[in-house]
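What follows is a single structure, written as structure tokens, with notes after it.
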Amino acid sequence: MNPTVVGLRAGVRRGGIEIRQSLVNVQDLWNYFFPNLTFLVVMFFMRDATVPGTTFSLSARTLPSVLGGGLAFGALVTMMMALTIEREDGTLLRAKAIPNGMLGYLVGKVVQVSGMTLIGSVILVIPGVLLVDGVELRGPGAWLTLLWVLVLGLVACLPIGAILGSLFANPRNVGVIMLPIMGLVATSGIFYPITTFPVWLQWIGQAFPVYWLGLGTRSALLPPELAAVEIGESWRHLETFGMLAGWAVLGLVVAPIVLRRMARRESGSSVAARKEKAMQRIN
Numbered sequence: 424m425n426p427t428v429v430g431l432r433a434g435v436r437r438g439g440i441e442i443r444q445s446l447v448n449v450q451d452l453w454n455y456f457f458p459n460l461t462f463l464v465v466m467f468f469m470r471d472a473t474v475p476g477t478t479f480s481l482s483a484r485t486l487p488s489v490l491g492g493g494l495a496f497g498a499l500v501t502m503m504m505a506l507t508i509e510r511e512d513g514t515l516l517r518a519k520a521i522p523n524g525m526l527g528y529l530v531g532k533v534v535q536v537s538g539m540t541l542i543g544s545v546i547l548v549i550p551g552v553l554l555v556d557g558v559e560l561r562g563p564g565a566w567l568t569l570l571w572v573l574v575l576g577l578v579a580c581l582p583i584g585a586i587l588g589s590l591f592a593n594p595r596n597v598g599v600i601m602l603p604i605m606g607l608v609a610t611s612g613i614f615y616p617i618t619t620f621p622v623w624l625q626w627i628g629q630a631f632p633v634y635w636l637g638l639g640t641r642s643a644l645l646p647p648e649l650a651a652v653e654i655g656e657s658w659r660h661l662e663t664f665g666m667l668a669g670w671a672v673l674g675l676v677v678a679p680i681v682l683r684r685m686a687r688r689e690s691g692s693s694v695a696a697r698k699e700k701a702m703q704r705i706n
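FYI, in this note's numbering the residues of the sequence shown are 424 to 706.
So this is what it looks like as structure tokens:
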């Protein structure tokens with residue numbers, strides 16, 4: 424059998440096993456439920472607020488935005504953290520020592536992070552639709568839009584998370600990049616219409632996939648008339664596809680290069696040195 428196919432199959436199996444393990448791990452279950460339940464509570468208390476210039480509930484407008492923004496945040500941060508932690512504990516080095524092990528490892532991470540992110544999205548959306556009026560999938564076109572936005576959004580964000588994860592050898596240094604990511608989510612129109620922000624901030628938000636994921640999920644789950652509060656008073660499906668596809672292509676080109684260089688630098692001595700530093704911090 425082709426070694427590449429073997430690596431791909433091993434990666435898919437590994438990702439599936441890690442997803443199942445996350446469903447019985449207390450910390451992972453907390454990560455699934457706590458952030459999403461927090462968002463639901465916030466949106467419940469926002470139910471009487473309205474989108475500026477309309478009578479539509481701001482809470483209903485926020486739910487699909489949080490779905491898209493949460494998907495982007497989860498893909499970026501979970502992938503980044505997984506690579507950083509498993510680089511430090513030697514998992515990456517062990518994968519490197521197996522024929523096509525890096526391929527299997529990366530495929531496994533993609534399957535795992537995608538699955539965990541989608542599970543979190545389901546936990547948010549199902550009770551959210553029941554609690555918030557005005558959010559629904561209106562026909563096959565809306566289902567298709569939601570599908571391609573979510574899939575393309577994951578493909579756009581996962582390689583970026585992998586690139587960011589390769590930059591840090593120490594998981595404790597990841598906090599350096601967390602604040603900019605949270606700031607990006609806040610300025611991407613996820614919690615409040617981006618048209619209320621200064622123009623320069625709107626341009627920054629539109630440069631990254633978080634905004635386009637939020638816009639795409641809103642276009643699938645909200646009434647057509649809500650496009651009036653968006654930039655250009657349109658859902659801009661063509662631009663959404665183009666920006667997410669552009670980020671996906673860029674990430675898929677750059678990420679393998681960065682990850683190969685990171686893997687070449689990994690050795691038993693470097694892993695041992697990181698473990699020794701970690702033990703010194705604990706002591």
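Backbone N, C-alpha and C fix where the C-beta goes; we use that ideal spot for every residue, glycine too.
Everything numeric in this text was worked out from a predicted model, so none of it was measured.
Problem - Spatial distance of Gly639 from Thr477 (CA atoms) - result: 20 Å
Problem - Between the CA atoms of Leu554 and Leu506 - distance to the nearest angstrom - result: 36 Å
Problem - 7 Å Cβ shell around Ser657 - same chain, five flanking residues per side excluded - result: Ala650
Exercise for the section: For Ala433, I'd like the list of residues in its chain whose CB is within less than 6 Å of its CB, leaving aside the five on either flank, ordered along the chain. Expected result: Gly527
Problem - C-beta atoms of Gly721 and Ala483 nearer than 8 Å - result: The chain is shown from 424 up to 706; residue 721 falls before or after that span and cannot be answered.
Handout entry: Inter-residue Cα distance where the pair is Phe479 and Thr473
Key = 5 Å
Problem - First and last residue of the uninterrupted alpha helix (DSSP H) at Phe467 - result: Val449 to Phe468
Handout entry: Complete runs of the alpha helix (DSSP H) confined to the region 613-664 [at least 4 residues]
Key = 622-629 and 632-644
Practice task
Would you kindly check if the distance between the Cβ of Pro582 and the Cβ of Ser674 is under 8 Å?
Solution key: Note that residue 674 corresponds to Gly in the displayed sequence, not to Ser. Yes; because the gap between Cβ atoms is below 8 Å, this pair is in contact.
Problem - Nearest residue (CA-CA) to Ser611, options Ala585, Val597, Pro647 and Ile654 - result: Ile654
Practice task
Rounded to whole angstroms, what's the CA-CA distance from Thr485 to Ala520? Just pull it up for me.
Solution key: 46 Å
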